[in-house]
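Beneath this line is the structure, given in structure tokens, with notes to follow.
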Amino acid sequence: MGYFGKVAGGFVSLLSGMSVTFRQFAKTVFGRKAVTLQYPKELPKLAPAYRSAIKLIRFDESNSHDCVACKACERICPSYCIKLSGGKVEGIKKKRVAMFEMDFALCSLCGLCLDVCPTDTLEYSKVYEEAGYNRDWRVDLLAEFRDYEDEFVAKQRVIEEKAAAEKKAKADAAKKAKEAAKAAKEKAAAEAAEAQPSETQPPEEAS
Amino acid sequence: MPIAAGLIMGMLTVNVLMLVWAERKVSAWIQMRMGPTEVGPFGLLQTLADMLKLISKQLITPSNVDKPLYHLAPLLAFAPVVAAVALFPFSQDTILVQNDYGLLFVFAFGGVAVLAIFMAGWGSNNKYALLGAIRSVAQNISYEIPLILSALSVVLVVNAMSPTLGFGEGLVETNGLDLSHIVMAQDQHGIWFVIFQPVAAVIYFISALAETNRAPFDIPEAESELVAGFHTEYSGMRFSLFFFAEYTNMLIVSMLAVVLFFGGWDGPVLPGPLWFFLKSYAVIFVMMWVRWTFPRLRFDQLMTFCWKVLIPLSILNLLVTAFVITVLGQ
Amino acid sequence: MSSDSEANKDAEDGEVYSLNMGPQHPSMHGVLRLLLDLRGEEVVKAKPVIGYSHRAHEKMAENRNTLQFLPNTSRVDYLSGMIYNLGYCQAIEKILEIEVPERAIFIRVIANELNRVASHLLWFGTFLLDLGGITPFLYSFDDREEILDILDQVTGSRLTYCYGRFGGVTWDVDENFLARTTAFLARIRDRLGMYKQLVTDNIILRERCTGVGVVSTALAKSYGVTGPSLRASGVAYDVRKAEPYGGYDRFDFEVPVLHEGDTMARFHIRIREIEESCKIIEQAIKGIPEGDILPKKMPKRFKLPEGEFYFAVESARGHFGMYIVGDGSDIPVKLKLRTPSFSNLSAMPETLAGTMLADTIAIVGSIDVVMPEIDR
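Below, the structure written as structure tokens:
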């Protein structure tokens, strides 16, 4: 009897398994609940934290990036994919990067360069379709910033000069204030000296 | 005759195209995906594209194959199944080859397929193929027994229930082995034999799955173990012949199931052949449904299941049927 | 030696033939090569050949400083990437005695356990795929997609996370994350019921797995098998309970143990572990405090003191240990990764002898090996 029981029990388990797949089948056909995303007709929704190729941020105030070519990202990169050079630009005190190239065939999107950047000028882009036709994947991160660079330098010079002038004015004002204070002090001392009558001077009224 | 043969070939080709499309769509829907949708409306032309690709592939012949066996195997797999289709009654008057022993012939053609599989496996000069072929031969030979025994139960019922068929002048003595007589017997009483022989129906269905090497009995072509089993070394058109043979075999066993258990061409309103095909495709749908639900049986479990479960049950079924018929006959 | 004479006997036997299940194989094991000696369908000898996925992680560690090694940690075992990444951070924190803020501890536990559930779901799907049942693979991957999307919202990556930093985590989680994770817990509990009906109760699966590939307790202990494979053989060893780290001592969870040691036991243990991980995540979400995710003052360079250090975490596959040798600079002298799959696979040759060919796939699948972790 155990034999028949085992056969019957096994058969029932098979039928109940079939009911599960049939339920999914009905859900997909009649409920239209397929989980397929029909790419490329539909694009996936990318999370805000989605990691795609690294790029420089264009800040609103300065309309350009803020990279000072400190090379912290180049030193920290574990895949050795960052190459940059730059330095002092004529006319302004701030350093600017002149060449910034990243090889995304090597980049593992670990985010260590974002962490160490002192000016927080790197971020992930949100490009979903990153495909190419060859293995050369070196990207010039400054491509979109180059034509604005001269204007940026000019603006920066104006800002720096203004800042320098303000600083100078403040320094002058401080110096003047100091001198004025000194002069006032001298004057006060002189007045104090005048208040005391002098021995050599005869009195005005005599006859 | 040539027209009929051409019609049969055309029907089978369309059938294979439809079945492959149906397999992909049904499996996709069970797995919450869409299946082919791009090529043609609803992806209907996808199989055509695949067939064109297979035809255009280079026919690679591995070195050291046993040339006669290797080259003959696909043809030998393909020919019997096409021949077997000619024996089925699509409606009361539509039958290509009228044969008094149609049932026996269908089983005989099924047996030839075993030979083709073994030729493919041995001739391929590949250990994986040989393993697959050995398993397949053992499996096919073993599962033919419950297949035939369950069909025999139906034959007994036919002969018992309807000693004569037809009306007036056309009265004939029933021949249980004649496929059209089996259907006419169900037609006469208005009851499908699945009601009288449920156990036989289930045993037949399971054995049919094993005969066509479908999951859960697809050890001979187990993908995750043997790469592709007995047709590992075949590419291009030769592979598509095996493919064709497998899907046509599926159609044959389900058409036989419809004839034996589900009333053949019987049905209201729609014409006979249409009902016949609708019912066959319903049985094929259940075969696909079973394939995508269950894992595979291990080979020795497969043999144990056949010899220790299916054969005793089918013999028991036959004895009980005979006993009931004898008792009721008195 | 006796094994040589036995091998010669088999060779002369004439019945034994060798079959190579090469590194490229349609089964889901990764690049594992098994040299099998078969007599008919029965395996006489099995020899795994590894090394096809060697990427020299340990050598890379010797050429990069401690901070630069972070992206590598996820890629050693990409299915438990979060556990390995955060485990490495915890190892360095222990060595350098950096204190981790409370909120970061809770976030780490949630991320770890989500990763564990994702890994077990993937194992479930691929194990059934090896056995021939193709559909549960699709269902379990649908569930796994939800976890990957949740972690994608926070970290930006789906599989190989670089989320941990020494002292905490990179980005904070928000209400959306917690709500979505809670919804996911309800969903996975419901789905586990469906998997039980479709898979666990299925007689074909039970016949394939019960009594197959028995790893006895003594064998498991002698080869250093850890993780669910060890717990299925009767030893209740879990690093989270034995040597608590990263806040796990605050949560109430069980370590499931079974004693049969066969494939079915390993299957049941992993399903139970998914349920236990859900419990932990629930408690963590309830108790997560407000606060920082990184300490206020952090050193710029993380120099390792001189000496040898060892730290271990419980990954989805077992006991993952890191042995670090420092010499005062921030580049380690030696970093050895003790990966659980290596030891788990070493128990295979003895287990596989005497089984059938179809069982080989089932057993190696049930051990849950990830080849890149073995080859590093």
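Residue numbers (the numbering used here), protein chains in the order written: chain A, 142 to 348; chain B, 12 to 341; chain C, 117 to 492. Glycine included, each C-beta is placed from N, C-alpha and C at the ideal position.
- At a cut-off of 8 Å between C-beta atoms, A/Cys-211 does not count as an interface residue with respect to chain C.
- Residues of the region 133-167 of chain B with a C-beta atom less than 8 Å from some C-beta of chain A do not occur.
- With contacts defined as CB atoms closer than 8 Å, B/Ile-41 and C/Thr-251 qualify as a contacting pair.
- Along the region 35-85 of chain B, the alpha helix (DSSP H) occurs as fully enclosed runs of 4 or more residues at 57-66, listed in sequence order.
- Each residue's CA atom was taken as its position, placing C/Lys-395 and C/Glu-370 some 9 Å apart.
- The region 250-275 of chain A contains, as complete alpha helix (DSSP H) runs of 4+ residues, the segments 253-257 (chain order).
- Minimum Cα-Cα distance from C/Phe-418 among the listed residues C/Val-132, C/Ile-211 and C/Val-160 corresponds to C/Ile-211.
- Look at C/Glu-489 here: in three-state DSSP terms it is helix.
- Within the same chain, Val-205 and Phe-272 come within 7 Å of B/Ala-212 by CB-CB distance, once the 5 residues on both sides are set aside.
- Counting of Cβ neighbours within 10 angstroms places C/Thr-271 among the buried residues, the total reaching 16 or more.
- Per the DSSP secondary-structure output, B/Ser-161 pairs with nothing in a beta bridge.
- In this structure, B/Val-92 sits away from B/Ala-131, with a CB-CB distance that is not shorter than 8 Å.
- Of all alpha-carbon atoms in A/Glu-327, A/Asp-313, A/Gln-297 and A/Ala-322, the one lying nearest the alpha-carbon of A/Asn-204 is that of A/Gln-297.
- Between C/Asp-153 and C/Val-160, the CB-CB gap stays under 8 Å.
- Contact residues of the region 26-45 of chain B toward chain A are Trp-40, Ile-41, Met-43, Arg-44 and Met-45 (C-beta to C-beta distance below 7 Å).
- Rounded to the nearest whole angstrom, the C-alpha separation of B/Ile-152 and B/Ile-217 is 14 Å.
- Taken in chain order, the members of the region 257-275 of chain A whose beta-carbon sits within less than 9 Å of a beta-carbon on chain C are Val-257 and Tyr-265.
- Residues of chain C with a Cβ closer than 8 Å to the Cβ of A/Cys-251 are, in chain order, Leu-186, Pro-187 and Cys-278.
- Counted as a single uninterrupted DSSP element, the beta strand (DSSP E) harbouring C/Pro-164 occupies residues 158-165.
- C/Val-132 carries a strand assignment under DSSP once its states are collapsed to helix, strand and coil.
- A contact between stretches requires three or more CB pairs, one per stretch, nearer than 8 Å, and the region 288-307 of chain A meets this requirement with the region 192-211 of chain A.
- Two segments are said to touch when three or more pairs of C-beta atoms, one from each, lie closer than 8 Å; by this definition the region 234-242 of chain C touches the region 251-263 of chain C.
- The Cβ atoms of C/Gly-197 and C/Thr-276 sit closer than 8 Å to each other.
- In the displayed model, A/Glu-242 falls within a strand according to three-state DSSP.
- With a cut-off of 8 Å on Cβ pairs, the region 179-194 of chain A is in contact with the region 256-272 of chain A, counting three or more such pairs.
- Around C/Ser-235, the same chain offers Leu-195, Ser-196 and Ala-432 as residues with beta carbons nearer than 6 Å, after the five sequence neighbours per side are excluded.
- Membership of C/Ile-266 in the alpha helix (DSSP H) is indicated by the continuous run 251-271.
- For B/Met-20, the number of other beta carbons within 10 angstroms of its own is below 16, and it is reported as exposed.
- Along the length of the region 367-445 of chain C, whole alpha helix (DSSP H) runs at least 4 residues long occupy 379-403, reported in chain order.
- Per DSSP, reduced to three states, the secondary structure at B/Lys-138 is helical.
- Counting of Cβ neighbours within 10 angstroms places A/Ala-310 among the exposed residues, the total staying below 16.
- Leaving aside the five residues that flank B/Pro-284 on each side, the residues in its chain whose CB is nearer than 7 Å to its CB run, in chain order, Phe-101, Ser-102, Thr-105 and Trp-276.
- Going by C-alpha positions, B/Trp-203 is about 26 Å away from B/Tyr-258.
- A contact is defined here as three or more CB-CB pairs under 8 Å, and the region 433-452 of chain C fails this definition with respect to the region 329-337 of chain B.
- Counting only Cβ-Cβ distances below 8 Å, B/Ala-88 has no contacts in chain C at all, with the closest Cβ about 23 Å away.
- A/Ser-226 sits in a strand when the DSSP states are folded into three classes.
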